[in-house]
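Asks:
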Amino acid sequence: MTSPNREQIIAALNSVIDPVDGQSIVAKDMVQGIDINDQTVNIMIAVDPQRGPSLEDLRQTAEKAVAAVNGVTTARVALTAERPKGAPDSAPKAPGGRSRPAGAASGQPGQVGQRPQGGGQKPLELP
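Take 1 as the starting number for the sequence shown in UniProt numbering and just add one per residue.
See below:
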């Protein structure tokens with residue numbers, strides 16, 4: 001049995017349609033990775049994180065389309081959640097624009113969980 005090629009896989013994925021807008025996942029540049037190893041094909045499809053859970057049917061359709069290509073014995077399709085371009089970070093900034101809240105450990109000596117440094121203090125001895 002011959003191994004499938006990239007063009008055959010792309011042609012199969014071109015038949016997979018995003019139900020929201022009726023466009024092919026290939027035309028929408030959702031296909032982010034195609035790995036062909038003999039007769040095993042792994043596909044990575046990038047999706048909006050908010051739509052990810054609702055796209056299991058699309059993932060299964062893509063997997064079936066790839067599995068139907070001559071020479072494919074195993075097809076695996078994974079969805080990866082990617083923020084839309086230009087979307088802001090989901091983590092809000094702390095007051096004052098700091099990257100972490102005031103009082104967060106900075107790794108400096110004297111912080112919780114840090115060993116004291118220097119000889120200025122004796123360890124506390126319990127009776």
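Ideal Cβ placement from N, Cα and C applies to all residues, glycine included.
By Cβ distance below 7 Å, which residues in the same chain neighbour Asp-38 in space, the five residues on each side in sequence not counted?
Replies: Ser-3
Asks: What residue does the beta strand (DSSP E) around Gln-32 start on, and which one ends it?
Replies: 31-37
Asks: Can you tell me the Cα-Cα spacing of Leu-58 and Gly-71, whole angstroms?
Replies: 22 Å
Asks: Residue range of the beta strand (DSSP E) that Ile-17 falls in?
Replies: No beta strand (DSSP E) holds Ile-17; DSSP gives it neither H nor E.
Asks: Considering only DSSP beta bridges, list what Ile-45 is partnered with.
Replies: Val-31, Leu-79
Asks: Which word fits Gln-20, buried or exposed, when buried means at least 16 other C-beta atoms lie within 10 angstroms of its C-beta?
Replies: In the sequence as presented, Gln is not what sits at residue 20; that position holds Val. Its Cβ having fewer than 16 others within 10 Å, Val-20 is exposed.
Asks: Going by alpha carbons, who is nearest to Gln-32 out of Glu-56, Arg-76, Ile-43, Thr-73?
Replies: Ile-43
Asks: Please tell me whether residue 128 and Ser-15 are closer than 9 Å, where the distance is taken between their beta carbons.
Replies: This structure does not reach residue 128, given that the chain is present from 1 up to 127, and the question cannot be answered.
Asks: Could you work out which residue in Gln-60, Gly-22, Ile-17 is closest to Leu-79 when comparing CA atoms only?
Replies: Gln-60
Asks: Could you pull the start and end residues of the alpha helix (DSSP H) that Val-66 belongs to?
Replies: 56-67
Asks: Starting from the C-beta of Val-26, find all residues in its chain whose C-beta is less than 7 Å away, skip the five residues before and the five after it, and write them out in chain order.
Replies: Ile-10, Leu-13, Asn-14
Asks: Closest by CA to Ser-54, which one among Lys-28, Ala-81, Asp-35?
Replies: Ala-81
Asks: Rounded to the nearest angstrom, how far is the Cβ of Val-77 from that of Ala-62, given a contact under 8 Å?
Replies: 5 Å
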